[in-house]
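The opening position of the sequence shown corresponds to residue 5 in this note's numbering, with each subsequent residue numbered one higher. Let me begin by presenting the structure, written as structure tokens, before commenting on it.
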Amino acid sequence: MSRTPASALYWRILGINGLIFAVGTAALAVAPVTVSSFVLLRELPVLVVGLAVMMAANAILLRASLAPLERLTALMARLDSLRSGDRLEAGRNGDLFHLVDEFNAMLDRLEADRSISTAVVLDAQEAERRRIAQELHDEIGQSLTVVLLELKSVVNRAPDEVADELRNVQETVRSSLDEVRRVARRLRPGVLDDLGLTSALTALAGDFSGTGGPRVTRRVQTGLAGLGPDAELVIYRIAQEGLTNVWRHSGARNAELSLTQDDDGRVVLRVVDDGSGPPTEVGAGIHGMRERAMLIGAQLTIGPANGGGTKVELIVPPRGAVFSCRPGPLRSPGGSLRDRS
Numbered sequence: 005m006s007r008t009p010a011s012a013l014y015w016r017i018l019g020i021n022g023l024i025f026a027v028g029t030a031a032l033a034v035a036p037v038t039v040s041s042f043v044l045l046r047e048l049p050v051l052v053v054g055l056a057v058m059m060a061a062n063a064i065l066l067r068a069s070l071a072p073l074e075r076l077t078a079l080m081a082r083l084d085s086l087r088s089g090d091r092l093e094a095g096r097n098g099d100l101f102h103l104v105d106e107f108n109a110m111l112d113r114l115e116a117d118r119s120i121s122t123a124v125v126l127d128a129q130e131a132e133r134r135r136i137a138q139e140l141h142d143e144i145g146q147s148l149t150v151v152l153l154e155l156k157s158v159v160n161r162a163p164d165e166v167a168d169e170l171r172n173v174q175e176t177v178r179s180s181l182d183e184v185r186r187v188a189r190r191l192r193p194g195v196l197d198d199l200g201l202t203s204a205l206t207a208l209a210g211d212f213s214g215t216g217g218p219r220v221t222r223r224v225q226t227g228l229a230g231l232g233p234d235a236e237l238v239i240y241r242i243a244q245e246g247l248t249n250v251w252r253h254s255g256a257r258n259a260e261l262s263l264t265q266d267d268d269g270r271v272v273l274r275v276v277d278d279g280s281g282p283p284t285e286v287g288a289g290i291h292g293m294r295e296r297a298m299l300i301g302a303q304l305t306i307g308p309a310n311g312g313g314t315k316v317e318l319i320v321p322p323r324g325a326v327f328s329c330r331p332g333p334l335r336s337p338g339g340s341l342r343d344r345s
């Protein structure tokens, strides 16, 4: 039967104490050292030295054996559920290396389960976005188009005194139709499927610039290599959420959206604004950005920008290289994010 960490520590403490007692007994038996029934003053140093040696030996043994517990406690205190790969290094000589190994294995299982669950949730979210966007385009969009055509016919036959009012109604309906189409594009990035990531981000920046919010400048590199469909969708969604946060919360007047690729193959997305600075609390939007970044093993940081404002930076490693040791699978049991959307 293999020894447990508790039994191993028990036998080591028992052994070190037994050794000390054996050495003490041998010293009394063969050395000119005696201890009276009533301890004499000259015999007191012998007892004190023996006790000190025993306590020191036990302290050294316990400190060395229980040191992994301190590192384990520190890891539990700093552990972030959305930052994988943080593990303890287990030495083969410690009494608690079995505990450290089991704890690391537990983290592996939890991160794998969390990655699969997150992928399933995001798959369902993308599918629902596509369904709603399709209904907006096919149902509401077509109905508003029919209304516009009918209004145009009525305006042509209406008397002059009501024709102007009908034209105002016609413009209102046309604005509503444009807004419905804009919402549908945000829900389902059809341009991402049709024209690619570069065109999709360019269109996204143009949409936000035309909403009356901050002026968005873009610097999007073409010809990006090594990005799969999952990574492209994650980059697009994080850019979309970053610009949405700028528009809703930052109070910024200007923002910049950039997408570049380093010489080593890393793709870097940045959304920078000159607003009020990083958020003090993590909301659902930022939490969702972190979950998406985790699925492709990317590194997401949100912090202050140079000169004020907020900088959102996503670094996507080349295929086959990840920042975290265990980023989780890119595909859920039902397929990839794009397959299900």
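Idealized CB from N, CA, C, for every residue including glycine. Predicted model only: the values in this text are computed from it and were never measured.
Of the residues R134, A61, Q244, the one whose Cα lies closest to the Cα of L318 is Q244. Approximately 15 Å separates the beta-carbon atoms of T206 and R219; this is outside 8 Å, ruling out the contact. The Cβ atoms of G279 and S254 lie closer than 7 Å to each other. Along the length of the stretch 175-199, whole beta strand (DSSP E) runs at least 3 residues long do not occur. Contact between I136 and A235 fails: their C-beta atoms lie close to 24 Å from each other, not under 8 Å.
Per the Cβ contact rule, the stretch 102-109 is not in contact with the stretch 146-161 (fewer than 3 Cβ pairs under 8 Å). Of all C-beta pairs linking the stretch 170-181 to the stretch 194-201, fewer than three are shorter than 8 Å, placing the two stretches out of contact. Look at I306 here: in three-state DSSP terms it is strand.
Judged by DSSP in its simplified three-state form, E317 adopts strand.
Taking every protein chain shown into account, the CB of S121 has fewer than 16 other CB atoms within 10 angstroms, so this residue is exposed. For the pair A256 and F212, the Cα-to-Cα distance works out to about 13 Å. Annotation: the stretch 236-317 contains the following complete segments of the beta strand (DSSP E) (minimum length 3 residues), in chain order: 258-265, 271-277, 303-308.
DSSP places T226 outside both helix and strand once states are collapsed to three, so it counts as coil. Of all alpha-carbon atoms in R82, A188, P233, the one lying nearest the alpha-carbon of L201 is that of P233. One Cα belongs to E285, the other to R296, and the distance between them is close to 19 Å. Per DSSP, the beta-bridge partners of V220 are A259.
Shown here, E93 sits in coil according to DSSP, grouped into three states, outside any helix or strand. DSSP, reduced to helix, strand and coil, places L153 within a helical segment of the structure shown.
Going by beta carbons, L152 and V184 fall outside the 7 Å limit. DSSP places L208 in the uninterrupted alpha helix (DSSP H) bounded by 201-213. Non-local beta-carbon contacts of M58 in its own chain, meaning distances under 6 Å to residues more than five positions away in sequence, involve I24 in chain order. Excluding five sequence positions before and after D266, the CB atoms of its chain that fall closer than 7 Å to its own CB belong to V272, given in chain order. In this structure, L92 sits away from R67, with a CB-CB distance that is not shorter than 7 Å. Apart from sequence neighbours up to five positions away, the residues of its chain that approach R186 with a beta-carbon distance below 7 Å are D211, ordered along the chain. Out of M298, N258, S203, L148, the CA that lies nearest to the CA of G227 is found in S203. Distance from the CA atom of A167 to the CA atom of D182, rounded to whole angstroms, is 22 Å. Around the beta-carbon of L73, fewer than 16 other beta-carbon atoms lie within 10 Å, marking it exposed.
Put simply, of R189, N310, R118 the residue whose alpha carbon is nearest the alpha carbon of M298 is R118. Here DSSP, grouped into helix, strand and coil, assigns G232 to coil. DSSP, reduced to helix, strand and coil, places A137 within a helical segment of the structure shown.
Take N172, set aside five residues on each side of it, and no residue of its chain has a beta-carbon closer than 8 Å to its own.
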